[in-house]
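Asks: The working numbering applies: residue 5 is where the sequence shown begins, and numbers increase by one.
I have a structure here, written as structure tokens, and I will follow up with some questions on it.
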Amino acid sequence: MPEKKSTAKKKITSFSLKKDYVDAIDTLAQKSNQTRTEIVESYLQNAINDINNINGKPMIITVMSFKGGVAKTTSAANLALCLGRRGKDVLIIDLDGQGSISQYLGVYDPRAEETCIADVMLNNARGERLGIADVVRDTKFEGVSIVPSSFKFSDADSRMRSEVAPGIDSRLQHAIEDLISVMHFDYIIIDCPPSLGLVVTNAITALDAGNANSLIVIPVRVDGFAIAGLSNTISTIESVAHERRTPVRKWRILRTIAETRSVAYKTGLKMIKDQFPSVDFFNTCIPKATSVVESTLAMEPLVEYDKESKPAEAYERFADEIEGLNG
Ligand SMILES: Nc1ncnc2c1ncn2[C@@H]1O[C@H](COP(=O)(O)OP(=O)(O)OP(=O)(O)O)[C@@H](O)[C@H]1O
Ligand SMILES: [Mg+2]
Numbered sequence: 005m006p007e008k009k010s011t012a013k014k015k016i017t018s019f020s021l022k023k024d025y026v027d028a029i030d031t032l033a034q035k036s037n038q039t040r041t042e043i044v045e046s047y048l049q050n051a052i053n054d055i056n057n058i059n060g061k062p063m064i065i066t067v068m069s070f071k072g073g074v075a076k077t078t079s080a081a082n083l084a085l086c087l088g089r090r091g092k093d094v095l096i097i098d099l100d101g102q103g104s105i106s107q108y109l110g111v112y113d114p115r116a117e118e119t120c121i122a123d124v125m126l127n128n129a130r131g132e133r134l135g136i137a138d139v140v141r142d143t144k145f146e147g148v149s150i151v152p153s154s155f156k157f158s159d160a161d162s163r164m165r166s167e168v169a170p171g172i173d174s175r176l177q178h179a180i181e182d183l184i185s186v187m188h189f190d191y192i193i194i195d196c197p198p199s200l201g202l203v204v205t206n207a208i209t210a211l212d213a214g215n216a217n218s219l220i221v222i223p224v225r226v227d228g229f230a231i232a233g234l235s236n237t238i239s240t241i242e243s244v245a246h247e248r249r250t251p252v253r254k255w256r257i258l259r260t261i262a263e264t265r266s267v268a269y270k271t272g273l274k275m276i277k278d279q280f281p282s283v284d285f286f287n288t289c290i291p292k293a294t295s296v297v298e299s300t301l302a303m304e305p306l307v308e309y310d311k312e313s314k315p316a317e318a319y320e321r322f323a324d325e326i327e328g329l330n331g
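If you want it as structure tokens, here you go:
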């Protein structure tokens, strides 16, 4: 019987380099005051980064609004799924202790026994935190991973305030910077809670870890009440920039749960344009539809639950716009 060829990869335990290469490494080592091993490791790391395209930074999209129930979570989840289905690597970060997006994507842990965003953002009793890479989980949706949340994160704002640690407003930014040096993502979408404390400040400063196209998406349910929540949200974006002496981060309004023919919508839109004349809107407007509420009850993102529905088609167009902004 002919001997079966092993298909297992052979582990290379030793190898020799051409003398020219060894000389070049030695010259570099002398010039940079590094050891031969350090030189070789840094070149290999660059090669690995090129292979994984890790050097290409993700577009970070922070979905935020002080106002509750304006479709932050619905928009973040459906955008992520649309991008994932187009072959993009997408990471969702659930910053809301309610864990709605984690539930929506089927990874919610009601007993909060598994690691989650709380372990990344809050110090444990020994003053330690995990890296995001230790907490990233796959979802059942193509291309979409998630850092879930749980009720362990519901008092995050007050716990972070009590820590009074330097750099506490950039914890998420630094955690993402560490993550993207080892894992590749095209898009990182951050779903915020309806508040304006340190958690949301972290979601704003986190944009600095992304590429130049990174931006804040403010979902607005356009009606007579929209303007108050919007003013607070924009003031927070501006005050974070002022405190950090950085330019104001780019933001754009996504009109959600829209009843474009109603008087409330028309009046609300006029109020927004009067108060913020240079405001940028996404062209896409997500219409109000019962299919969205049904998809929430079924705990299944709309673009999976009812692909043909008007809001699902609108989320596809929203994803087109996001891809367009990302070049
Ligand atoms: N286009 C829509 N048409 C009808 N209902 C919608 C639409 N989009 C979202 N909803 C419903 O509005 C409710 C709030 O949506 P969602 O949870 O996404 O808002 P949110 O801003 O994340 O809320 P929170 O501030 O509590 O985090 C949900 O019941 C959702 O199903
Ligand atoms: Mg939400």
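No residue lacks a Cβ here, since even glycine has one placed at the ideal position from N, Cα and C.
By the 10 Å Cβ neighbour count, where 16 or more other Cβ atoms means buried, how is M5 classified, buried or exposed?
Replies: For the purposes of this step, residue 5 is taken as residue 1 along the sequence shown, with counting starting at 1. Unreliable placement is indicated for M5, whose pLDDT of 48 sits below 50; no coordinate value is reported for it.
Asks: Hey, would you say the C-beta of K76 is under 6 Å away from at least one heavy atom of ligand 1?
Replies: Against the sequence shown, residue 76 aligns to sequence position 72. Yes, the beta carbon of K76 sits closer than 6 Å to at least one heavy atom of ligand 1.
Asks: When we look at the beta-carbon of K8 and count the other beta-carbons within 10 Å, is it buried (16 or more) or exposed?
Replies: Start at 1 with the first residue of the sequence shown, and residue 8 comes out as number 4. Here the model assigns K8 a pLDDT of 46, short of 50, so the residue's position is not dependable and the matter cannot be decided.
Asks: What is the DSSP secondary structure of K9, reduced to helix, strand or coil?
Replies: Position 5 of the sequence shown, counting from 1, holds the residue named residue 9. Confidence is the limiting factor: at K9 the pLDDT is only 47, short of 50, which leaves the residue's position unreliable, though a coordinate-based value still follows. Looking at K9 - three-state DSSP - the assignment turns out to be coil, as it is neither helix nor strand.
Asks: Looking at R249 and V224, is the spacing between their C-beta atoms short of 7 Å?
Replies: Within the sequence shown, numbered from 1, the residue matching residue 224 stands at position 220. Within the sequence shown, numbered from 1, the residue matching residue 249 stands at position 245. The answer is no: Cβ separation not under 7 Å.
Asks: Ligand 1 and P315: does the residue's C-beta get closer than 6 Å to at least one heavy atom of that ligand?
Replies: Numbered from 1 along the sequence shown, position 311 holds the residue referred to as residue 315. It does: the Cβ of P315 is within 6 Å (strictly closer) of some heavy atom of ligand 1.
Asks: Taking 6 Å as the cut-off, does the CB of S154 come closer than this to any heavy atom belonging to ligand 2?
Replies: Within the sequence shown, residue 154 is the residue found at index 150, counting from 1. Outside the cutoff, so no.
Asks: Please indicate yes or no: does the CB of S266 lie closer than 6 Å to some heavy atom of ligand 2?
Replies: In the sequence shown, counting from the first residue as 1, residue 266 sits at position 262. Incorrect: S266 has no Cβ contact closer than 6 Å to ligand 2.
Asks: Using the beta-carbon count (16 or more within 10 Å), is A12 buried or exposed?
Replies: Here residue 12 is taken as the residue at index 8 of the sequence shown, counted from 1. Summary for A12: the model assigns pLDDT 49, below 50, so the residue's position carries little reliability; its value from the coordinates is reported in the next sentence. So A12 ends up on the exposed side.
Asks: Does the beta carbon of N330 come closer than 7 Å to any beta carbon on chain C?
Replies: Here there is only one protein chain, and chain C is not present.
Asks: Roughly how many whole angstroms lie between the Cα atoms of K311 and P291?
Replies: If you number the sequence shown from 1, residue 311 lands on position 307. If you number the sequence shown from 1, residue 291 lands on position 287. One C-alpha to the other measures close to 14 Å.
Asks: Return yes when the C-beta of K292 is under 6 Å from any heavy atom of ligand 4, and no when it is not.
Replies: Within the structure as shown, ligand 4 is missing, the only ligands being ligand 1 and ligand 2.
Asks: Can you say whether T294 is buried or exposed, counting buried as having 16 or more other CB atoms within 10 angstroms of its CB?
Replies: For this step, residue 294 is matched to residue 290 along the sequence shown. Answer is exposed; the Cβ neighbour count stays below 16.
Asks: Between which two residues does the alpha helix (DSSP H) harbouring L211 extend?
Replies: Here residue 211 corresponds to residue number 207 of the sequence shown, with the count starting at 1. Element bounds for L211: n/a, residue is neither H nor E.
Asks: For Y191, write down the residues that DSSP places opposite it in a beta bridge.
Replies: Locating residue 191 in the sequence shown gives position 187, counting from the first residue. Answer is M63, V94.
Asks: Could I get the ranges of all uninterrupted alpha helix (DSSP H) runs contained in the segment 188 to 272, with 4 residues as the minimum, in chain order?
Replies: With a minimum length of 4 residues, the continuous alpha helix (DSSP H) runs that stay inside the segment 188 to 272 are 202 to 209, 230 to 247.
Asks: Between T78, I43, I29, V44, which lies nearest to E298 when the distance is taken from Cα to Cα?
Replies: As a working note, residue 298 is residue 294 in the sequence shown. Ranking the options by Cα distance to E298, first place goes to T78.
Asks: Which two residues bound the contiguous beta strand (DSSP E) that contains N82?
Replies: By 1-based counting over the sequence shown, the position of residue 82 is 78. Where N82 is concerned, there is no enclosing beta strand (DSSP E), although the alpha helix (DSSP H) it sits in stretches over 76 to 89.
Asks: Given the structure, does S104 come close to ligand 2, in the sense that its CB is under 6 Å from one of the ligand's heavy atoms?
Replies: Taking the first residue of the sequence shown as position 1, residue 104 is located at position 100. Yes, the beta carbon of S104 sits closer than 6 Å to at least one heavy atom of ligand 2.
Asks: Rounded C-beta distance between V124 and L109? I'm assuming under 8 Å.
Replies: Position 120 of the sequence shown, counted from the start, is the residue given in the question as residue 124. Position 105 of the sequence shown, counted from the start, is the residue given in the question as residue 109. Contact flag wrong, Cβ pair sits at about 18 Å.
Asks: Please report the Cβ distance between G228 and T271, rounded to the nearest whole angstrom; I am assuming they are in contact, meaning their Cβ atoms lie under 8 Å.
Replies: Taking the sequence shown and counting its residues from 1, the one referred to as residue 228 is at position 224. Taking the sequence shown and counting its residues from 1, the one referred to as residue 271 is at position 267. Right, the Cβ-Cβ distance comes to about 6 Å (below 8 Å), so this counts as a contact.
Asks: Sorted by chain position, which residues of the same chain lie with C-beta nearer than 6 Å to R163's C-beta, five sequence neighbours on each side aside?
Replies: Locating residue 163 in the sequence shown gives position 159, counting from the first residue. Around R163: L126.
Asks: How about Y309 and A318: are their beta carbons less than 7 Å apart?
Replies: The residue labelled residue 309 in the question sits at position 305 within the sequence shown. The residue labelled residue 318 in the question sits at position 314 within the sequence shown. No, these two residues do not count as a Cβ contact at 7 Å.
Asks: Classify Q279 as buried or exposed, calling it buried when 16 or more other Cβ atoms lie within 10 Å of its own Cβ.
Replies: If you number the sequence shown from 1, residue 279 lands on position 275. Classification of Q279: exposed, given that the 10 Å Cβ count is below 16.
Asks: So which of F157, G214, I29 has the shortest CA-CA distance to N128?
Replies: On the sequence shown, position 124 is the one that residue 128 refers to. Per the Cα distances, F157.
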